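In what follows, a structure is listed as structure tokens, so that the remarks can point back to it.
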Amino acid sequence: GASEVWPYTCEMFNDWVLAAIKMSREDPYFPDCHMIPQWCYASMVDYWVPHGRHLESDLRQLHPNMANLSMHVENSEGMSDTPGPCVRFNITTDCINSTNMELLREHFADDFAYVQPFVDQSKAKKGQAAGDPT
């Protein structure tokens with residue numbers, strides 16, 4: 002299982018990654034949506050709009066019925082005066098050890114193969130760099 006210590010550490014994050022991958026393999030209903038490859042969803046739809054800073058305008062262009070869509074920002078780190086624990090304790094992808102990185106690459110292989118090229122193509126149309134997370 003994953004250890005939980007305060008303050009959060011890279012070791013704890015690696016423990017969580019390993020436990021989450023193991024649990025998601027054992028239980029398809031594992032309640033952490035971060036571990037569900039996006040290709041599970043994207044492979045079953047007719048249209049796909051990447052989630053980013055331009056989501057509202059992208060959705061408005063999808064269909065005339067959505068032309069006046071107004072979305073409110075919720076559940077965002079930027080909404081609070083206090084940053085979340087990952088920001089406070091500098092827990093980033095740099096923390097992931099090589100073993101876990103390989104497990105993540107294997108777990109999300111379909112995302113890298115099928116979703117990432119679509120995201121890169123979509124960002125290129127908007128003039129963003131492929132590595133830009135927005």
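For this note's numbering, count along the sequence shown from 1 and bump the result up by 1.
All C-beta atoms, glycine included, are put in the ideal place defined by N, C-alpha and C.
Please read all numbers here as calculations on a predicted model, not as lab measurements.
- In the structure shown, the three-state DSSP call for residue 39 is coil.
- In the pairwise beta carbon analysis, the segment 22–32 is classified as not touching the segment 86–97: fewer than three pairs are separated by under 8 Å.
- Counting the other Cβ atoms within 10 Å of the Cβ of residue 105 gives 16 or more, which makes it buried.
- Per DSSP, the continuous alpha helix (DSSP H) segment holding residue 20 begins and ends at 11–27.
- DSSP places residue 69 outside both helix and strand once states are collapsed to three, so it counts as coil.
- Counting the other CB atoms within 10 Å of its CB gives residue 46 a total below 16, which places it among the exposed residues.
- Going by DSSP, residue 98 is part of no alpha helix (DSSP H) at all; its letter is neither H nor E.
- Non-local beta-carbon contacts of residue 123 in its own chain, meaning distances under 6 Å to residues more than five positions away in sequence, involve 51 in chain order.
- Residue 109 carries a coil assignment under DSSP once its states are collapsed to helix, strand and coil.
- For residue 88, the enclosing alpha helix (DSSP H) has its first and last residue at 86–89.
- The C-beta separation of residue 38 from residue 111 comes to about 6 Å, placing the pair in contact by the 8 Å criterion.
- In this model, residue 69 and residue 62 are separated by some 10 Å (Cα to Cα).
- Spatial neighbours of residue 90 in its own chain (CB-CB distance under 8 Å, excluding positions within 5 residues in sequence) are listed in chain order as 8, 9 and 10.
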